[in-house]
Each structure stands twice: as structure tokens, then as C-alpha cells.
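Number of protein chains: 2
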Amino acid sequence: MLEALLDAHRPHWARLRQYVPILQWLPAYKRQYLLGDFIAGMALGVMAVPQSMAYALLANLPPQVGLYATLVPLVVYAIFGTSRVLSIGPVALVSLLTGTMIAQLATPQSPEAVQLALLAAFIVGAVQIVLGLLRMGFVVNFLSHPVLSGFTNAAAIVIALSQVKNLLGIKFPGSASLIADLRHAIALLPEANMASVVMGVVAIIIIVFFHRRLGRLLMRLGLSEFVAAQVARSGGLVVVVLGTLITWLFRLDQTAQLRTVGHVPVGLPPITLPALDLSNAGAMAPALAMLVVIGYVESVSIAKSFASRRREKVDADQELIALGAADIAASFTGGSPVSGSFSRSAVNFASGAATQLSSVFAALVIALTLLFLTPLFYFLPETILAATIVAAVLHLPDLETVRQAWRYSKADWLTLVVTLFGVLFIGVEAGLLIGVVSSLAVHLWVTSRPHVTIIGRVEDTETYKSVKRYKVKTCPHVTALRIDESLYFATAKVLEDTLIGVAVDNPKLKYVVLDCSAVNRIDLSALTTLETVDNELRAMGVTLVLSAVKGPIHDSLLKAGFVSRFGQDRIYLSTHEAMKALGCA
Amino acid sequence: MLEALLDAHRPHWARLRQYVPILQWLPAYKRQYLLGDFIAGMALGVMAVPQSMAYALLANLPPQVGLYATLVPLVVYAIFGTSRVLSIGPVALVSLLTGTMIAQLATPQSPEAVQLALLAAFIVGAVQIVLGLLRMGFVVNFLSHPVLSGFTNAAAIVIALSQVKNLLGIKFPGSASLIADLRHAIALLPEANMASVVMGVVAIIIIVFFHRRLGRLLMRLGLSEFVAAQVARSGGLVVVVLGTLITWLFRLDQTAQLRTVGHVPVGLPPITLPALDLSNAGAMAPALAMLVVIGYVESVSIAKSFASRRREKVDADQELIALGAADIAASFTGGSPVSGSFSRSAVNFASGAATQLSSVFAALVIALTLLFLTPLFYFLPETILAATIVAAVLHLPDLETVRQAWRYSKADWLTLVVTLFGVLFIGVEAGLLIGVVSSLAVHLWVTSRPHVTIIGRVEDTETYKSVKRYKVKTCPHVTALRIDESLYFATAKVLEDTLIGVAVDNPKLKYVVLDCSAVNRIDLSALTTLETVDNELRAMGVTLVLSAVKGPIHDSLLKAGFVSRFGQDRIYLSTHEAMKALGCA
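Going down the list, the protein sequences come from chains A and B.
Just so you know, my numbering puts 476 at position 493 of the first sequence, and the rest follows in order with no gaps.
Just so you know, my numbering puts 114 at position 131 of the second sequence, and the rest follows in order with no gaps.
Right, dumping it as C-alpha cells:
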């Protein structure tokens, strides 16, 4: 009975399972997953508490907003996400973008700033869900590797420099200009708070030491790899606890004027309604667009990279929907825009998470913190949070890609550098846009000047290769040419010049074979050119022959009537067939 | 002695001859060319007089400016041009662009309007020369066929409608908006001058009759083809002479208030210095950019099309220099920006021009006209010039391309239509820009979703074709894939998804052969993806193999260290070699 009912609704059920992946993995949950998920969830939660407060600081928001943006979104992603280990919440790049947007429109950490963050999370989430339902995940393909690398490198610098004022314990209204902020900070250097500087620098050193050295040290002292790794990851927690304790013990907030987090409200996230006040829509638009794209690219790249390590698959379009749902959840529970966190996903993965149940456990840790521990944050120094951020972005710079780009392709390197300097000196959004436009321009530039070569037969094979690189057989009355690019408007002239040039230069020429194995598209401009050239060649007594035309292109040529005008007998399956027919093989 | 001197300077001499082509053809001039050049020059000159005055009207300039823009530029192009028959001067599209620009910045036909035209010709010429010296002729390749067709069709409509007011004999200040001008004209319809309307319509009918019917009629009456053709082309001259005579005889300018050209100054072009007043530079910039590009594209396309009919060659970069020189010559002799005229070049060609000496003869006709005939133009009705323009643009619409685009590619058709409506309803410059951006977007969109197919061996050959289209041989443990696009940032994800997908779907799979015959570029993003995918496949127990990697790409892969990391033994010359080595051929 139930079976029959299920059968009748199977298409709907399958569809529902596609859009709500928890319906796939939760019914198949195995008991042996539980310990790993629990340990990973604890590790993730403990790590997320200071990180999310620190990123709220970076986003020019009160610390609790970071905790709110972690709690419910973690659970919502567990329901809709296709990655088993991705951990969602406030992250460096997204917080930087949110913070830059807020700095332009409201007083940092004010109620208006929070309203802007809620609105941003709502709009970004809604756009991501729509893009996901339209299966538009592919648009991020246009963000090339060099652009992302240039952006990430520049963002690391921007983020680190943005924390200088918190480390120095000085305060001034932030602006959208990195340079102006830096100048401001330098001018206020004499007013720096020594306690803040010392505590911040020591905290950075402790976190880095825990992360880079402590694990190996403990293993050498006989601890198991698992325990050693867990301890090594707790640097953030340790400095938070130590910093808070010391500040409380010596009342550094009063004796040394050390800035602390102060009052953080007790209790679960409030239910918030983002005010759909679109008066700032124009000013917010570029930042929102970047939050949609960068948030998604970061999230899906991290998800894919961890999935492949376990031979699992991630659905790029469903990831858009899941991230969008998490963003909307954030906007309704007092949170700012979210994305996937690399460092927290890595901890989750390494601690043995088998499913997204670990995220649910982590959410529990955050909930307990909000219910019982927030009064302790009163003495948590801001410099400690700044140190957490700086230590986190020390991993961001990706110099290997810069080096690789320089070696492999100067054009790719230039795109990277243009994006990097654009983000640093013009602005986060403008820099990224400049990068995307440059990478498209480079691609068009390169494809508009294709490699063209005369080819000949490699002895005893049916393979035809460039006469410049291989010892090949050719004939005086036939020239076979290969053009290494699609025939489209930007390459039409090259096609024309090459074919006519070959005919003009060789008076004995009877046939030109155009090897189309590298031609992936023929647009109308190129088709028109091809017909013109064919007529011009015929006038010179030279016959044009096509070979290795791909199926889909042949179909379009047929439909357009080109094949019947040109003649099917002048189109060969392969260059070898053509050369045989023309008496040159 | 002279020989030795020449030898010593041969490289400079060769260079000079390249930049000043008259040094090539004039020393080699043959006596038998002279009669053809002379007749063609006369035909060209007679045709150019009314046309150039009419186009001055279209450009919102006094009629003599058109004559000035023809005289010296014809001679300058004869010196620097590489086409033997191209005829330079004011033409429809360039005059439309100039006129639109002038309408926004000055009173039509005023001295300020002339100053703007001189400045435009100077800047456009200078930019063209610089582009030519930098060998940047290729930039025009980015104007696709559909964009040009959409632009030309829309321009024909804009030009024809712009002459409605002149045909009606009414006058109002022109604006940049086609719609506003039309509404204005309709509102003023009751004030239309009947003499103007009748004379204009009759003139259009006469020109079209001469052009389309008279030639054949005369040949049937026994005239030689050459004479018949010459008479058929004289429609423009006939209506000018008849219109002027009738107006003078009946003093229609007074009895019927018919608007005439009026006073045209006697004498050769003045030497003018374009005032480098850059206060309007911002407003002029888009129009100037279009004049540079459209003027050149039109000119070089016409030059190429006539050259190929005689198996001559045109140097695209030198053409930029020659056109630029003609533009600068125009700016110093009272003229507006110029381009190659299709109709006048066709007359030149058909009348037997062998060299650019015909242009020099035509310039003589213009000079004699300016010296002796301008008083006669006093009674030349403006409606006759308007009729000349309308009759000329009747040839412009190119519906065949619209039809062809619809049949061949909806994307190309859409680009054409977007450009057409953009030019008509948004503006000449904005429309063209929208068209160019659309065609680039379409190209990127299409190339970002490449065709990927599994290929197999066509029986008894070494050719590998799609399993979907051909009966081919495949093996269970090897899958050969061909991706029909360059591997770059926009296709990197497709590459990853396809390769991983094939491996996940076939548990028995041991090898994946990636046929790179259609891969014309591998950028850094794709290279990184390729290495990631290779690692992921290895983890699944599948070995990735590359085949038919093109020489230039192999070189870059080698330089970047990819080949040594990946292994040269996994890169095969052809798919057949790879399949043989893997025991599947």
C-alpha cells in the first residue's frame, strides 16, 4: 500500500530528494558515523566561536552577529547541501566584502550596519537560489584561476591591514579606501595601546606556533597523531581563553584601557525580518553581486576539493540553492552573508566527519555558547580577535600560482597582477571586475590570432602534422592547412588571408585542403568569408576542400544550404581521405 | 654609381615604397592604362560632384565641404593607397556619423559645424595613421558580419528618414533622436512644399530607372554594353542638370519657394587649420571612435572586394595609413571625414580604371567644377540632393544576410537584430557598441558550453569519430573523449565534470584518452584543473592519457614543467597511437 503510494509519487519524491539532499543521507545514516560526526562537530564548534566573532569585527558588525550567522546556516546547509564536510558561516572574503559595503553606508557596528547585513544576506541568498533553480552555476566558470588568485592575494593583504587598527587598539571610522585607512592608522600610531599590541602579537605567534609546530612536537613526545592534531588546532581557543583570563585578572580594560568585546547579548538568535529598504540598492549592487559570486565560488570550490578526496560528488547547481538557503536563514536570524570556510571544513574533514550531522553538533556548541557563555566574552580583548583574523589570512596568499602563471603564460600572469593591484589600489569590487574583463580580453586576443600551419603525412600513418615540427610527406599540387581555432568573426580575416596567400604564393597549386579538426565553431561571419574565399580561389584555378569537419558543424552547414552549394564531394571525413582522393597519399 | 647608391639604400627605399605605394605603380605605369584611367576618372568625377554635395547635406555641412572633402583626399589616397580602384570621399555612413555628432554640438551648416568637421577629420586621420603604423588593422576583426549588417540596415533607414525633411522642403533644427525628428517632420507636414515633393520623388524615380532599367533598354536598342552602362550611371547627373534648369527657367526658388543650394563659393579648397579645441572632446569621443572604425572597415572591405576580382592584394595596415592621410588632407583643405565609396569605386572599376591615376583625373573634374561651375549650383534644389541620397541608400539594405543568419544561427541573427534596433532606437553609436558586446558575449557563451563526445575507431582507418554518429569500434577498459573547444577558464569545469563523470560511470574503466585535436589553447586555469583531475582519476585507479596535443601547446606544457610531472609517455602523437598502446586498436 505504502509502496504503491511511493511508486506513484516516485518522480516527485526523486525531485524532492534532489533538492533536499538530507532525505538521501539521513535515512541511510549508519551508527558507526556517529562518533566521528560528534568529535568533528565539537572541534568545529569550538573553532567557529572565536572565528565567527572575529569575522563579525571584520565585517564592521557586533560580535554576536558572527555567532548568529553560524548557528542556523550550519543546520540549513546540512539540510540542502550536497557536500558532506563543507562548513558554512562567516568567512574572511565575504566578511571583507560585507564590511566594505557597510563602511560606505552606515556607522560600523551600529543597528543600521546590522540592518544592511541582514538585507545583504537576504538579497544574496534569493539571487543564489534563483540562479540555482535556473541551473546557472556555470556563470562562475568565467572567474578564471589567475583572477581568483589575484583577488585572494590582494584580499589577504587588505584583511590583514584592516586589522592593524584593532591590534594597535586605536579606533577611527573606516573608509572604503585602504590607503586612507592606513594613513589614518599611521597618524594615530603614537596613541597605540601597548597592552593591545603586545597581546595581539603574542596571540598571533601562539596561533601560528600551534598550527605549524605544536602538532609535530607533540607527536615526537609520544601523543597519537589524532590527539596531536586536535591540540594543534586549538590555538585560537587557547588565545581566547588566555586573553580573556589575563584581561579579567588584571582588569586590563580599565588599568590599560584595553578594548574588549564588551556586552554580548545572552540567548539564541533573534528572529529578524530584513527591512526591504531599497534606497541604498544602487550603492549596494556591486558588493551584492560580488557576494553572490565570490561567496558561491569559494563555497563550491572548497566543497568540490573535499568531495574529490573521498570520491564523492558535489552538485554545483544544488550548492547554489543550499548556499542561498543558508544566506536567507542568516538574514532571518540576525546574521550576515555566509560562505563555506576552508579552515573549518578542513578541521571537520580531518576530525572524521562522515556527514553533515557534524554541522548540527557544531551548531549545538554555538547555541550553548550563546545561551551560557556570552557574559565571559565581556573581557575578551578585540586585539585577540584581530590576531585570530591575521593568523587566519596568513594562509591565504597563494604565491605558487603567481610563480606558475609567470612560467606558464605571461598573459595569465598579467591578469593576476592586474586583479591584485586593482583590488589593492582601486577597490575590491572594481579590481575584481577589471580582472574578469582582462581575462576575457586576453582570451579573445589570443583566439583572434590563431596558429596556422601547413601539414603533411607522418610516414606510414594516417596522421598529419605540421611540416615545421615533423618529417612529413607533402605534394606540390596540394597544400593541406590546419587552422588551430574556431572560425568566427575575429579569425575570419586570418582564414581569408591564409588561404588566398597560399594560392598566390604557389602558382602550381591545384588544391587547398583545409583541415577542420581544430575548428569547433563556424559562425556566420566565417561562413560568409569561406564562401567568398572559395569563389576567389576558384577564380585562380584552385579548388578548396574541407576535411575532418565535426558532426555538429556539418549539421549546421547542411541546414544553412552551404553543403549543397559547396558540394558534399569536397568535404572529406579526414585529411587522409582527402589527400588520397587528390592523389597525394 | 647610381646603382650602388640605390643598393646601399635599398632597405630604406623598400620601406618607403611600402609606405608610399605610388612609388611602386607609377614608375611601372604603362601607356595602355591611360585611356581607361582617363575615362574612369571622368565618370568618377561627374558622379562625385552631386554625391559629395548631397553627403555634405547629410553631414549637416554646407555643400562645398563635400567637394573639398573629395578633391585633395582623392589625390592623397592615390599616393598612399594599395587599392587600384578604391574611390575616397564623403560617403553615406561616415556622413551620417559626422552629421549626428554635429547636430549635438552646433547649428547645422554653420561655421562652427565646419570647424567640428575639420577637427573630426584631423583626429580620425591621426588615430588611423597611428593604428596603421602599429599594425593594428586587425582590431576591426572584432566587428562581426551580423553586427555590420545590422548596422548597415539600420543606417539605411536612418539616412533615408533623415532626408524626409529635405524632400518635403521643410526646415527645423535636427536632433540626435530619429523618433523626435520624424515626429517633427510629421507635425510640419501641412507646410510641405509641393514643388519640392514632386521634384524629389520624380528625381528618385529617374535615378532608379536609369540604374535598374535604362542600361538593358539601351543595349536592346543596339548601343554597346560600355556606352549603355555609362549612360545608365548618369542618372544622378541628369536629375541635377534637369532640376537646376527647371528651377532656373521657372524661378521656382521665388515662385514656389523651392529651397536651393544657393551661393557656393568659387575657387579651390581653402587651406584650413583644424582648431584643436578639445572642449567638446568628451562629447565627440564616441562618434570619433566610430568614424575611425566604421570609416576604415567600409573602406578596406570595398578595397579588398575589388582587389580580389583582379587578383590583386590590399595591405590592411597600409590602408589604415592611406585613409588616415586622406582624412588629414581633408581636415587641412576644408573637408569632412572620408571613407571609400562603394558606388563610386564600382563606377571607377567598371569604367576601366587600371591605376589610381583615374582618381587624379577625377580630382581634376572636381577642381574645374569648383573653379568654374559653382555659380550654376545656385539654382540646384536641395530636394534633388536629398533624392540622390535616398536613391543611393536604397542599395544599402542587406536582407539576404538577415535571412541567412536566421537560417544558419539564431545567435548571429539575434546579434544582428539587437544591433539594428539599437542603432534605430537608442542611437548610432550606442547601437553599434551594443552589437559588438553582444557578439562577443555570444561567442563566449557558445565556447563555454563545448560539445564533448566519446569517440571510436572508424573501421579500417586510423580515424576516430563520435560513437553517436558513426559505426565505430570501442573497448570497455578504455574511453576516448574528444572535447571540441580550447581548454580555458570557461571550459575547465566541463573538462573536470566530463572526465570524472566517465570514470564514475564506468567501474571497469582503466584508461581515459583525451583527444586534444580540437584544443587550441590551454590556459593556466585549465592546466590546474587538468592536474587536479589527473590526481583524482589516479585515486580512482584510472589513468589519464593525452593524444594529438598540438605542437605550440606541447611547447608551453613542456616549459611549465607539466610534461615532466605528467609524463611524456602518457602523451601520444595521435589517438590511434594511444589506442594501439593501450591495447584497443
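Cβ coordinates follow ideal geometry from the N, Cα and C atoms, glycine included.
In terms of residue numbering, what span does the alpha helix (DSSP H) encompassing residue i cover?
| i | result |
| --- | --- |
| Ser78(A) | 75 to 88 |
| Gly24(B) | 16 to 41 |
| Ile112(B) | 94 to 116 |
| Gly72(B) | Counting along the chain, Gly72(B) falls outside any alpha helix (DSSP H), though it belongs to the beta strand (DSSP E) covering 70 to 72. |
| Ile505(A) | Ile505(A) -> no alpha helix (DSSP H), and no H or E assigned at all. |
| Ser392(B) | Unbroken run through Ser392(B): none, as it is neither H nor E. |
| Arg548(B) | 545 to 549 |
| Phe119(A) | Position check: residue 119(A) holds Met in this sequence, whereas Phe was assumed. Neither: Met119(A) is in no alpha helix (DSSP H) and is coded neither H nor E. |
| Pro4(B) | Segment: none, Pro4(B) is in no alpha helix (DSSP H) and carries neither H nor E. |
| Met562(B) | 558 to 564 |
| Ser207(B) | Taken as a continuous stretch (DSSP letters only), Ser207(B) belongs to no alpha helix (DSSP H), as it is neither H nor E. |
| Pro535(A) | 534 to 542 |
Leaving out the 5 sequence neighbours to the left and right, which residues in its chain are closer than 6 Å to residue i when beta-carbon positions are compared?
| i | result |
| --- | --- |
| Met562(B) | Ala568 |
| Leu565(A) | Val461, Tyr494 |
| Pro45(B) | Gln92 |
| Ala523(A) | The question names Ala, but residue 523(A) is Met in the sequence shown. Around Met523(A): Ala486. |
| Val55(A) | Ala312, Thr316 |
| Glu445(A) | His559 |
| Leu102(A) | Pro257 |
| Thr357(B) | Val247, Val249 |
| Ser500(B) | Ala531 |
| Ala42(A) | Ser78, Thr81, Gly82, Ser319 |
| Asn503(A) | Ser469 |
| Ala168(B) | Val147, Lys148 |
Give me, in chain order, the residues of the same chain whose beta-carbon lies closer than 7 Å to that of residue i; leave out the 5 immediate sequence neighbours on both sides.
| i | result |
| --- | --- |
| Val223(A) | Pro33, Leu363, Ile367 |
| Gly335(B) | Gly19, Ile22, Ala23 |
| Ser326(B) | Ala375 |
| Gly219(A) | Met30, Pro33, Gln34, Ile190, Thr371 |
| Glu295(B) | Arg67 |
| Asp310(A) | Ala104, Val107, Gly108, Gln111, Pro320, Val321 |
Compute the beta-carbon to beta-carbon distance between residue i and residue j, rounded to the nearest angstrom, for a pair I have assumed lies under 8 Å.
| i | j | result |
| --- | --- | --- |
| Gly414(B) | Thr398(B) | Their Cβ separation, rounded to whole angstroms, is 12 Å, which puts Gly414(B) and Thr398(B) out of contact at 8 Å. |
| Tyr361(A) | Thr243(A) | 7 Å |
| Ala215(A) | Phe193(A) | 5 Å |
| Gly115(B) | Leu271(B) | Actually they do not touch by this definition, with Cβ atoms about 16 Å apart. |
| Val400(B) | Leu79(B) | With a Cβ gap of about 20 Å, Val400(B) and Leu79(B) do not count as contacting. |
| Ala286(A) | Val297(A) | 5 Å |
| Met25(B) | Phe344(B) | 6 Å |
| Ala424(A) | Ala475(A) | So it is not a contact: roughly 19 Å between Cβ atoms. |
State the start and end residues of the unbroken beta strand (DSSP E) segment that holds residue i.
| i | result |
| --- | --- |
| Val425(B) | Counting along the chain, Val425(B) falls outside any beta strand (DSSP E), though it belongs to the alpha helix (DSSP H) covering 411 to 430. |
| Val528(B) | 526 to 530 |
| Gly49(B) | Note, Gly49(B): premise wrong, no beta strand (DSSP E); alpha helix (DSSP H) at 46 to 63. |
CB-CB under 8 Å to residue i, same chain, minus the five flanking residues each way: which ones, in chain order?
| i | result |
| --- | --- |
| Val435(B) | Leu464, Arg465, Ile466, Asp467, Val477, Thr481 |
| Leu150(A) | Ser179, Val180, Gly183, Val184, Thr366, Ala369, Ala370, Val373 |
| Leu588(A) | Residue coverage of chain A in this structure runs from -16 to 568, which leaves residue 588(A) outside it and unanswerable. |
| Glu442(A) | Lys454, Val455, Lys456 |
| Glu396(A) | The amino acid at residue 396(A) is misidentified as Glu; the sequence shows Trp. Result list for Trp396(A): Pro129, Val385, Ala388, Trp389, in chain order. |
| Leu520(A) | Leu482, Ile483, Ala486, Val495, Thr526, Leu527 |
| Thr515(B) | Glu479 |
| Leu27(A) | Ser70, Arg327, Val330, Asn331, Ser334, Ala336, Ser341, Ser342, Phe344, Ala345, Val348 |
Runs of alpha helix (DSSP H) lying entirely within the segment 129 to 205 of chain A, each at least 4 residues, in chain order
147 to 151, 161 to 170, 177 to 192, 198 to 203
Can you check the segment 217 to 304 of chain B for any alpha helix (DSSP H) of at least 4 residues that lies completely inside it and give the ranges in chain order?
218 to 232, 235 to 238, 264 to 292
Contained alpha helix (DSSP H) runs [length at least 4] in the segment 425 to 499 of chain B, N- to C-terminal order
475 to 488
Segments assigned alpha helix (DSSP H), at least 4 residues, entirely inside the segment 295 to 381 of chain B:
299 to 315, 325 to 333, 340 to 351, 365 to 376
Is it a yes or a no for the segment 245 to 263 of chain B touching the segment 65 to 75 of chain B, going by three-plus beta-carbon pairs under 8 Å?
no
Touching or not, the segment -7 to 7 of chain B and the segment 420 to 432 of chain B, by the rule of three or more beta carbon pairs under 8 Å?
no
Is it the case that the segment 540 to 557 of chain B contacts the segment 513 to 528 of chain B, given that we only count it when at least three CB pairs across the two stretches are under 8 Å?
yes
Within 8 Å, do at least three Cβ pairs link the segment 117 to 127 of chain A to the segment 277 to 291 of chain A?
yes
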